[in-house]
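All the letters of the sequence shown, read from the start, carry residue numbers -20 to -1, 1 to 353 under mature numbering (1 follows the signal peptide of the UniProt record, and there is no 0). Just so you know, even glycine gets a beta-carbon here, dropped at the ideal spot from N, CA and C. All remarks here apply to the structure that follows.
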Amino acid sequence: MKLKHIAAAAALLGAAGAHAQDTLVKIGHSGPLSGAQAFSGKDNENGARLAVEELNAKPITVGGKKLKFELQSEDDQGDPKAGMAAAQKLIDQGVKYVVGPYNSGVAIPASRAYNDAGVLIASVATNPKLTQQGYKGLFRVNASDSQLGSKMALYAANELKLKTVAVIDDRTAFGQGLAEEFKKQAKAAGMTVAGHEFTTDKSFDFSAILTKLKTKKVEAIFFGGYAPQGAPMARQMKQLGINAKLLGGDTICTAEMGKLGGDAVGENVLCPQGGASLDKLASGPAFKAKYKARFKQEPDVYAAAYYDATMMYAQAMQKVNSIDPQKVGAAISAGSYTGVAGTYSFDQRGDMKQSPVTIFHFKGGQPVALATY
């Protein structure tokens, strides 16, 4: 009997010893996990979590040791100040790989702290200024505002044949940057921009600026901002009898827009997402099925990009046989990674070399793909 106990104890010690040989890799996530944009932050976090769970289920070996991944997620509230606090917390915890931040207004200042600490960043924040800072360890894993805003303007001019549009932006780094890119391309494509109004990312009453734009008889209003503001804007356009289309960026291209906007959000609302539609990608349907089985809901806009970013880090670690972020970052910069949402290869700034943009409208409260540009 004693021998059995000794054997069992030895087996447990052996297992503990083997586990102790694993190398821990912390993946940090920074995003809005509270407030109006929490639906996006949680979706992004879920994408990274799914990747971490899969990597731990089938461990990879680097430097002769199995890697054990751990997700450390911080709520940056979509706020620059909270984002800096989240960044410092992740840095203090020894995190060297981050997915996020989601918001440009958070990502731009936080990326400085991450860069100074030698942390790699894979962000979906779209403001062009993010990668213009010149940080070697920063990668934008989706289309930028210049791609999203300009492709939406081209679709409006070429496919919708619109002549007169107006612009509203929420004055965030994201909304302002996106609106300016749309406006620039709209003018280049021969459209008249009849007005540019401003609001905030906390506002919910847009009746004054919409009434002002109604007098200009615009055919579409482009909104640079997020779904929690875009949805009431669509409702108020309907209430005011404004028959113009509502155009926007990737942040209104979400089921939350349909949920909040109700019958005011349909084929009248058009928006772009970076990459091709998941349904039309080789690994897209399988990813959607995995995500839904794990989280009991459909993936939203960037879950696949966060999943891909986490997997991209892991593949680069295997490639260089190291978890040194400098070596991993160099491998990502020099190579390419084929993920669920596309192929990730980057230019000198850290922008994707090729990022197709898909235009959507809404049916039954859900974004439905129209065309890829």
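C-alpha gap between residue i and residue j, whole angstroms
i	j	result
S124	T179	22 angstroms
Q209	I232	9 angstroms
Q346	D2	43 angstroms
M171	Q219	26 angstroms
V198	H176	12 angstroms
N248	G43	54 angstroms
F19	A169	35 angstroms
residue 356	A200	Beyond the ends of the chain as shown, which are -20 and 353, falls residue 356; an answer cannot be given.
P60	A90	8 angstroms
Y115	N95	7 angstroms
G228	D23	20 angstroms
Q334	D56	29 angstroms
K270	L261	15 angstroms
Y353	D150	26 angstroms
N159	M292	In the sequence under discussion, the amino acid at residue 159 is Ala, which differs from the Asn named in the question. Straight-line Cα distance between these residues: approximately 31 angstroms.
A214	S183	14 angstroms
R92	E25	22 angstroms
Q216	G238	14 angstroms
Proximity below 7 angstroms, CB of residue i to CB of residue j
i	j	result
I7	Y77	yes
A283	G27	yes
S257	V320	no
L193	A137	no
Q165	A133	yes
residue 354	S325	The chain is shown only over -20 to 353; residue 354 falls outside these bounds and no answer can be derived.
L13	G21	yes
E50	S10	no
G157	N107	yes
P252	I339	yes
K143	A174	no
A296	A311	yes
G255	F119	no
A207	E161	no
Which of helix, strand or coil DSSP assigns to residue i
i	result
Y77	strand
S103	strand
Y353	coil
P89	helix
A200	strand
P208	helix
F275	helix
P108	helix
residue 384	Here the chain has residues from -20 to 353 only, and residue 384 is not among them.
M171	coil
D280	coil
T195	coil
K(-17)	Interpretation of K(-17) is limited by its pLDDT of 47, a score under 50 that renders its predicted location unreliable; no figure is taken from the coordinates.
T338	strand
T323	strand
Y317	strand
T3	strand
CB contact below 7 angstroms: residue i versus chain C
i	result
L110	Absent from the structure: chain C. Only one protein chain is present.
**Request:** Report yes or no: do the stretch 68 to 88 and the stretch 99 to 106 share at least 3 C-beta pairs separated by less than 8 angstroms?
**Result:** The way I'd put it, the stretch 68 to 88 does touch the stretch 99 to 106; three or more beta-carbon pairs between them come closer than 8 angstroms.
**Request:** Pair every Cβ in the stretch 264 to 271 with every Cβ in the stretch 224 to 244, then say whether three or more of these pairs are closer than 8 angstroms.
**Result:** no
**Asked** Touching or not, the stretch 304 to 318 and the stretch 212 to 227, by the rule of three or more beta carbon pairs under 8 angstroms?
**Response** With a cut-off of 8 angstroms, the stretch 212 to 227 and the stretch 304 to 318 do not count as touching, because too few Cβ pairs lie within range.
**Request:** Could you tell me which uninterrupted alpha helix (DSSP H) segments, each at least 4 residues in length, are contained entirely in the stretch 119 to 157, listed from first to last along the chain?
**Result:** 125 to 138
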